[in-house]
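Counting in our numbering, the sequence shown runs from 218 upward without gaps.
Working notes, beginning with the structure itself.
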Amino acid sequence: VLLYFILILSIVRGSIKQMKKWEKLRMRSCSHQQREGTDAAKLVLADPDLRKHVAWRDHFISHMLNWNIDRRELFKMALKHLKIEQDASDASDLEQRFRRAVDQQFSLASYLSLNVEHGVADSIHIHQTSWLGILFLMAIFAILHRHARVGILQLLPWFLGASCILLLFMVVFTKVQRRQLRNECEERNAGVNANTARPVTESTAKKQTPKEEKTCLEKLRTLHQRLSSEVYFIRLLQVNLFLLSYCFARVLVDYSDWKNDETFLRTLLTAAAFTVLFLVLGFTLPSLVPEFLAITALPPFVDPLNLEILFSRLLGDHVDTPDSPEPPSGGYGMVSELATILGVRSEFDQHVSRSDNTGGMEHV
């Protein structure tokens, strides 16, 4: 368990680092918007990270407008939370009011951070499904050991293979989606993507709705919109990491193998291999997991959990304003919980106390 939570701690640290980066990008974007149009555009183009952040935000807002085509109930819900009256006779004005309201109230940094927070917190708290999966596998291992004389370390290549497949899928998925987002943003900036350049009306929705059968990728995206598949994927990764940690711990505490001269070298090499493996995981997971959770929270992969965060925390009456008496509960709770995990809760409380005395909570 200790080895598992060491890996989780590295993911928590990486997630905090990524959240801070998103918040800094949001602040830079707000600062640039106060400048003249040409100067602001030049500043955004000169900053690759900010350009990517703004492109992701425009991508999200454009797909929210396209909900009027393929997810009309969600579009009506968004209009309700934004307190916008839908006027079918003037679709252009509706689009402009929608964009203006979302620009004022939607924070991509907060949205991504809340989704990453949920995914990481899900990894910290081992849920019933994860425990059932671990107990089921342990029962199978016990049967194999009793009847086939197969030890758990002999099954280690299967754990490594499953972990490699999961990590490879996450890497490929994030790279493919980043490239697709970049291509869509380039097309939108060049004026090629007509769906985001003209008002969305019921007549145009009929023209834009494809008649042909959906491809396998489109069916996969539709399934992801109905289920929070990234949560199940993270839990599957959680089970694999737990089993790897168990195997590593078994090697470390196997006193008889360390004491036996015949098995000492093999045990030493196995422990060294596990050490290298955990160093690789500790280097890879902190950046990979937050980006994977962020990518799966963007359209067209917005699922019910993402929508709950979007509507209940970020739009409408729930948006944080300068007159709010305290920070949003999700953000403060997230940071305080992470501070407890990192063992700096007392320093965090002192920092918040000093910030309250100076007129507001500073960025942690």
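C-beta atoms are modelled at their ideal positions from N, C-alpha and C, and glycine is treated no differently.
Do residue i and residue j have their C-beta atoms closer together than 7 Å?
| i | j | result |
| --- | --- | --- |
| residue 518 | residue 491 | no |
| residue 502 | residue 228 | yes |
| residue 457 | residue 340 | no |
| residue 319 | residue 232 | no |
| residue 460 | residue 376 | yes |
| residue 513 | residue 447 | yes |
| residue 510 | residue 333 | yes |
| residue 301 | residue 314 | yes |
| residue 369 | residue 358 | yes |
| residue 480 | residue 468 | no |
| residue 285 | residue 277 | no |
Can you tell me which of the options puts its alpha carbon nearest to the alpha carbon of residue i?
| i | options | result |
| --- | --- | --- |
| residue 266 | 285, 244, 456 and 283 | 244 |
| residue 273 | 333, 403 and 370 | 403 |
| residue 584 | 236, 485, 458 and 505 | Absent from the structure is residue 584, since the part of the chain shown begins at 218 and ends at 581. |
| residue 582 | 297, 302 and 312 | This structure gives no information on residue 582, because the portion of the chain shown stretches from 218 to 581. |
| residue 222 | 276, 369 and 342 | 342 |
| residue 508 | 391, 401, 360 and 449 | 391 |
| residue 322 | 298, 335 and 344 | 298 |
| residue 398 | 268, 524, 226 and 247 | 268 |
Could you check if residue i is buried or exposed, using at least 16 other CB atoms within 10 Å of its CB as the buried criterion?
| i | result |
| --- | --- |
| residue 219 | exposed |
| residue 281 | buried |
| residue 489 | exposed |
| residue 309 | exposed |
| residue 451 | buried |
| residue 367 | exposed |
| residue 295 | buried |
| residue 363 | exposed |
| residue 485 | exposed |
With a threshold of 8 Å on Cβ separation, who are the neighbours of residue i within its own chain once the five nearest residues in sequence on each side are excluded?
| i | result |
| --- | --- |
| residue 239 | 270, 325, 326, 329 and 330 |
| residue 224 | 458, 462, 495, 498, 499 and 502 |
Quick one: what's got a C-beta closer than 6 Å to residue i's C-beta in the same chain, skipping five residues either side?
| i | result |
| --- | --- |
| residue 522 | 445 |
| residue 348 | none |
Beta-carbon within less than 7 Å of residue i's beta-carbon, same chain only, minus the 5 sequence neighbours each way: which residues are those?
| i | result |
| --- | --- |
| residue 526 | 328, 331 and 332 |
| residue 454 | 383 |
Exercise for review: Kindly confirm or deny that the stretch 382-394 and the stretch 469-478 touch, where touching means at least three C-beta pairs closer than 8 Å.
Suggested key: Short answer: they don't touch.
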